[in-house]
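K.L.:
Structure below; questions to follow.
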Amino acid sequence: MAIPRFWREIPSRYNLIGTECGNCGKRYFPPRIICPECHRKSVGKMKDVKFQGKGEVVTYSIIHHAPKAYEMQVPYIIAIIEFEEGVRATGQIIDCEPEDVEVGMRVEPAFRKIGEDGKSGVIYYGYKFKPA
Amino acid sequence: MEVGIVSYGAYVPRFRIKPHEIAEVWGVDGESMSKGLGIKSKSVPGPDEDVITIAVEAARIALSRIDIDTSDIGSIYVGSESHPYAVKPSATIVAEAIGATPDLTAADYEFACKAGTAAIQTCSGLVGSNAIRYGMAIGADTSQGAPGDALEYTASAGGAAYIIGRENVIAKINKTYSYTTDTPDFWRREGEKYPSHGGRFTGEPAYFKHILSCANNLMEIVGTKPSDYDYAVFHQPNGKFPVSAAKKLGFSKEQVSCGLLTPVIGNTYSGAVLIGLAAVLDVAKPNDRIMMVAYGSGAGSDSFDISVTDEIKTFNRNDSNTVSSIIQNHKFVSYATYAKYMGKIHLRGA
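Protein chains in written order, with my numbering: chain S, 212 to 343; chain R, 257 to 606.
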């Protein structure tokens, strides 16, 4: 991943900062620059909003054949989480055995290493989810 | 001016390995290693955990227990001997992850196992001189022992974060005193993956000389004796040294048992005394007095004379983040899994 891209995404990756449309009130995560429903009416009206990230599992998948960067962690769980604040995010569920995950399970965010650009590159941190 | 601990949080990764599991790989008697070191298990970081993630988790627990504005945190120091970057401060990432940037000073500390207490001293100075409102001091490590080395049975992972301030202090720091010499008992040269040590030399002239001198000198300065303290927390590189140091100083087993966690989680290095102090604060009552003495190879000791205040009565300790709750949530792993998680296995192209 390019360093500037990750750097720009640090607020949402570290602290679950999304956006809220000042026109219709709809919230988004990851953040959007323009509300896809209000279009140009939302220009200049998108406000930052911090999500707590507590929520429940909507659906999940157990990954057995992973990209090289995640080979050490197989089998691991990737899930779609619906926050109490209404938005959804995709993330890994940790501190949970694959056989124990279920739809509706309560989770909360955790801060973990997401990846790195090899042994000499930048380390990327961000959110994962753990059982609450 | 009353300077002290306003909040705290500890974090220990959930994976554990038993000494018998390690001993079997190296053809050593696991039972005698376990008894000799006073270790029943040690913590192991997950493949996505490092000093920065441990520091952030501990910092967020500390912040969740009080209601302060994170922009009032004027300093963050992260003490560790296993910072993920050689150049790029862990403290910058922690500061960003708790929303304390950009109006603060931040830096990483390194002093073997006592870098976290050095961070508390710096924060206390800044808070006490009114330069900042709150300071955050963190000690965290994902320590490594070379495969087969005696250190492999104890070197573990964990950390704790302390918020130092002047308002709503739950534990007042009455006095801190340090004792420092040039003693080459344990070191890691630049670029080396694993540390080296002086074997038995790490005992009498290193750990015991510094811990005992530091504790005795502090008690002389403040005019106390061991029986004046309800709890004592000593650096715990294994399960036996702190008990032996306590006995030599005149402290009882009862005074040290609450803050002695190495037998279950191993030596968390910079996190060791800070997690021990967190376990004590989890149960302490107003007016309890605590002696804490850290030790860092190289070598030096930081001692603290601490008094618990009435504020502890209304402090939020009834959450799922007490040290005993965190330690209860664990999973044992095999040596093979441990080696994989700790990066001891060479992968293709790596």
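The C-beta atom is built at its ideal place from N, Cα and C for all residues, glycine as well. As the structure is a computational prediction, the values presented were derived from the model and not from experiment.
Which one or two residues does DSSP pair with LYS298/R in a beta bridge?
P.N.:
Counting from 1 along the second sequence, the entry for residue 298/R is found at position 42. Its beta-bridge partners are ILE273/R.
K.L.:
At the level of alpha carbons, what is the spacing between ILE546/R and GLY286/R?
P.N.:
As a first step, residue 546/R must be located in the second sequence, where it is residue number 290. As a first step, residue 286/R must be located in the second sequence, where it is residue number 30. So the alpha carbons of these two residues sit roughly 35 Å apart.
K.L.:
Compute the Euclidean distance between the alpha carbons of ALA290/S and GLY326/S, then round it to the nearest angstrom.
P.N.:
Within the first sequence, residue 290/S is the residue found at index 79, counting from 1. Within the first sequence, residue 326/S is the residue found at index 115, counting from 1. When rounded, the distance between both Cα atoms is 18 Å.
K.L.:
For GLY414/R, tell me which candidate among ILE582/R, SER500/R, VAL589/R has the shortest Cα-Cα distance.
P.N.:
For the purposes of this step, residue 414/R is identified with residue 158 of the second sequence, where counting begins at 1. The shortest CA-to-CA distance from GLY414/R to any of ILE582/R, SER500/R, VAL589/R is the one to ILE582/R.
K.L.:
Which residues of the segment 326–352 of chain R have a Cβ closer than 8 Å to any Cβ of chain S? Give them in chain order.
P.N.:
PRO340, TYR341, ILE349, GLU352
K.L.:
Say whether the segment 553–561 of chain R touches the segment 579–599 of chain R, bearing in mind that this needs 3 or more beta-carbon pairs closer than 8 Å, one atom from each stretch.
P.N.:
With a cut-off of 8 Å on Cβ pairs, the segment 553–561 of chain R is not in contact with the segment 579–599 of chain R, counting fewer than three such pairs.
K.L.:
Applying the criterion that 16 or more other CB atoms from any shown protein chain within 10 Å of the CB defines a buried residue, is ARG272/R buried or exposed?
P.N.:
The sequence position of residue 272/R within the second sequence is 16, counting from 1. By the neighbour-count rule (16 or more Cβ atoms within 10 Å), ARG272/R is buried.
K.L.:
Does the beta carbon of ARG299/S come closer than 8 Å to any beta carbon on chain R?
P.N.:
Within the first sequence, the letter at position 88 stands for residue 299/S. Chain R, which has no Cβ nearer than 8 Å to the Cβ of ARG299/S, makes this no.
K.L.:
List, in order along the chain, the chain R residues whose C-beta lies closer than 8 Å to that of ALA277/S?
P.N.:
Residue numbering aside, residue 277/S sits at position 66 when the first sequence is read from its first letter. Going along chain R, no residue has its Cβ under 8 Å from ALA277/S, so there is no contact; the nearest lies around 11 Å.
K.L.:
DSSP state of ASP397/R, grouped into three classes?
P.N.:
Here residue 397/R corresponds to residue number 141 of the second sequence, with the count starting at 1. ASP397/R: strand per DSSP, three-state reduction.
K.L.:
Apply the 10 Å Cβ neighbour rule to MET289/R and answer buried if 16 or more other Cβ atoms are within range, or exposed otherwise.
P.N.:
Residue mapping note: residue 289/R aligns to position 33 of the second sequence, counting from 1. MET289/R should be labelled buried.
K.L.:
Excluding the 5 residues flanking SER639/R on each side, which residues of the same chain have their C-beta closer than 7 Å to its C-beta?
P.N.:
This structure does not reach residue 639/R, given that chain R is present from 257 up to 606, and the question cannot be answered.
K.L.:
Along chain R, in chain order, which residues have C-beta atoms closer than 7 Å to that of ASP328/S?
P.N.:
Taking the first sequence and counting its residues from 1, the one referred to as residue 328/S is at position 117. Correct list: empty, because the minimum Cβ distance to chain R is about 13 Å.
K.L.:
Can you list, in chain order, the residues of its chain with a C-beta nearer than 7 Å to that of ALA555/R? Leave out the 5 residues immediately preceding and following it.
P.N.:
Residue 555/R sits at position 299 when you count from the first residue of the second sequence. So the list reads THR437, THR439, ASP441, ALA462, HIS466, once near-sequence residues are dropped.
K.L.:
On the criterion of 16 or more Cβ atoms from any shown chain inside 10 Å, does GLY552/R qualify as buried, or is it exposed?
P.N.:
If you number the second sequence from 1, residue 552/R lands on position 296. Buried.
K.L.:
Taking C-beta to C-beta, are GLU267/S and GLU293/S nearer than 8 Å?
P.N.:
Position 56 of the first sequence, counted from the first residue, corresponds to residue 267/S. Position 82 of the first sequence, counted from the first residue, corresponds to residue 293/S. Yes. Within cutoff.
K.L.:
How would you list, in chain order, the residues of chain R whose beta-carbon sits under 9 Å from the beta-carbon of ASN234/S?
P.N.:
The residue you call residue 234/S lines up with position 23 of the first sequence. Result: empty, since nearest Cβ-Cβ is about 27 Å, beyond 9 Å.
K.L.:
Check the Cβ of ARG270/R against every Cβ in chain S and list those closer than 8 Å, keeping chain order.
P.N.:
In the second sequence, the residue the question calls residue 270/R occupies position 14. Chain S residues near ARG270/R: ASP306.
K.L.:
Kindly give me the distance between the Cβ atoms of VAL262/R and VAL425/R, rounded to whole angstroms, as I take these residues to be in contact under 8 Å.
P.N.:
Counting from one through the second sequence, the residue named residue 262/R turns up at place 6. Counting from one through the second sequence, the residue named residue 425/R turns up at place 169. So it is a contact: roughly 6 Å between Cβ atoms.
K.L.:
Quick one: which chain R residues come within Cβ less than 9 Å of ILE334/S?
P.N.:
Mapped onto the first sequence, residue 334/S falls at position 123. Ordered by position in chain R, the residues that pass the 9 Å Cβ test against ILE334/S are ASP306, ILE308, PRO340, TYR341, LYS344, ILE349.
K.L.:
Starting from GLN263/S, find everything on chain R with Cβ-Cβ shorter than 9 Å and list it in chain order.
P.N.:
Here residue 263/S refers to the residue found at position 52 when the first sequence is read from its first residue. Ordered by position in chain R, no residue passes the 9 Å Cβ test against GLN263/S, which lies about 11 Å from the chain.
K.L.:
Could you check if ALA379/R is buried or exposed, using at least 16 other CB atoms within 10 Å of its CB as the buried criterion?
P.N.:
To locate residue 379/R, count along the second sequence from 1; it is residue 123. Ala is not the amino acid found at residue 379/R; the sequence shown has Cys there. Looking at its Cβ environment, which holds 16 or more other Cβ atoms inside 10 Å, CYS379/R is buried.
K.L.:
From the beta carbon of ARG323/S, is the nearest beta carbon of chain R less than 8 Å away?
P.N.:
Taking the first sequence and counting its residues from 1, one reaches residue 323/S at position 112. Output row for ARG323/S: interface = yes.
K.L.:
Grab me the residues of ILE477/R's own chain with a C-beta within less than 8 Å of its C-beta, minus the 5 sequence neighbours each way, in chain order.
P.N.:
As a working mapping, residue 477/R is identified with position 221 in the second sequence. For ILE477/R, where only same-chain residues beyond five positions count, the Cβ hits under 8 Å are LYS431, TYR433.
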